[in-house]
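J.:
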Amino acid sequence: MSVLADIYISRDDEAVRYDTAPDQFTDRAQYKGITPLELSMLWAIVRGVEWDVASMNEFPCLLQQDGGERLIHQLPAAMIADLSKLTAEQIAIVTPKWAATEELGWPPDETRPVVEDLVRLARRAAEIGRSVYLWNCV
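Using the working numbering, read the sequence shown as starting at 114 and increasing by one per residue.
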């Protein structure tokens, strides 16, 4: 069973509507197997720090349905700021490191589009003054 993972931009007051009306959110990317754990590891790599379990507290849960089978977490504003500044060269450095983490374990060529989408969404969110969210469904 894989975890669906939609990453999307929203106003804070509308973010939880994604669970019932995802098609109303146009700035999004859809993947599988990405949770706040994997995103927190990516953020540690971007910052050049060792991952710490406490970083998970930076991803507040805004929605929990069906005993945790559907969740919405907000990505930290600082993470969005860090991602929005990544250059193509930095993405090329970060991607294989994230791919190599035990929790993700993807080939780098499959990981790069995810990082590129995160950067694209982070830049767009910064432009329009919105936040980035992660919707998961088991």
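Every residue gets a Cβ at the ideal spot worked out from N, C-alpha and C, and that includes glycine. For clarity, every value in this text was computed on a predicted model and none was experimentally measured.
Tell me whether Ser197 sits in a helix, a strand or coil according to DSSP, three-state version.
T.: For the purposes of this step, residue 197 is identified with residue 84 of the sequence shown, where counting begins at 1. Helix, per DSSP.
J.: Would you kindly report the start and end of the unbroken alpha helix (DSSP H) that includes Ile185?
T.: Counted from its first residue, the sequence shown places residue 185 at position 72. Run containing Ile185: none in the alpha helix (DSSP H); it sits in the beta strand (DSSP E), 183-187.
J.: Give the secondary structure of Trp248 by DSSP, where H, G and I count as helix, E and B as strand, and everything else as coil.
T.: For this step, residue 248 is matched to residue 135 along the sequence shown. Here Trp248 sits in strand by DSSP.
J.: Can you tell me which residues form a DSSP beta bridge with Ala142?
T.: Walking along the sequence shown from the start, residue 142 turns up at place 29. DSSP lists Ile120 as partners of Ala142.
J.: Determine the contact status of Val129 and Leu184, defining contact as a CB-CB distance below 7 Å.
T.: Residue numbering aside, residue 129 sits at position 16 when the sequence shown is read from its first letter. Residue numbering aside, residue 184 sits at position 71 when the sequence shown is read from its first letter. Contact: no.
J.: Run through the DSSP bridge pairs and tell me what Gln177 is partnered with.
T.: For the purposes of this step, residue 177 is taken as residue 64 along the sequence shown, with counting starting at 1. According to DSSP, which records beta bridges pairwise, Gln177 is partnered with Leu184.
J.: Report the residue from Met154, Val232, Ala212, Gly181 whose alpha carbon sits nearest the alpha carbon of Glu223.
T.: For this step, residue 223 is matched to residue 110 along the sequence shown. If we check each option's Cα against that of Glu223, Ala212 comes out closest.
J.: Tell me which residues share the same chain as Val162 and place their Cβ nearer than 6 Å to its Cβ, disregarding the 5 neighbours each side in the sequence.
T.: The count along the sequence shown starts at 1 and reaches residue 162 at position 49. Same-chain partners within the cutoff: there are none.
J.: Can you grab the Cα-Cα spacing for the pair Ala167 / Ala194, in whole Å?
T.: Here residue 167 refers to the residue found at position 54 of the sequence shown. Here residue 194 refers to the residue found at position 81 of the sequence shown. In this structure, the straight-line span from the alpha carbon of Ala167 to that of Ala194 is close to 19 Å.
J.: Could you round the C-beta distance between Leu199 and Val232 to whole angstroms and report it? I think they count as a contact, below 8 Å.
T.: On the sequence shown, position 86 is the one that residue 199 refers to. On the sequence shown, position 119 is the one that residue 232 refers to. Sure, about 5 Å apart at Cβ, within 8 Å.
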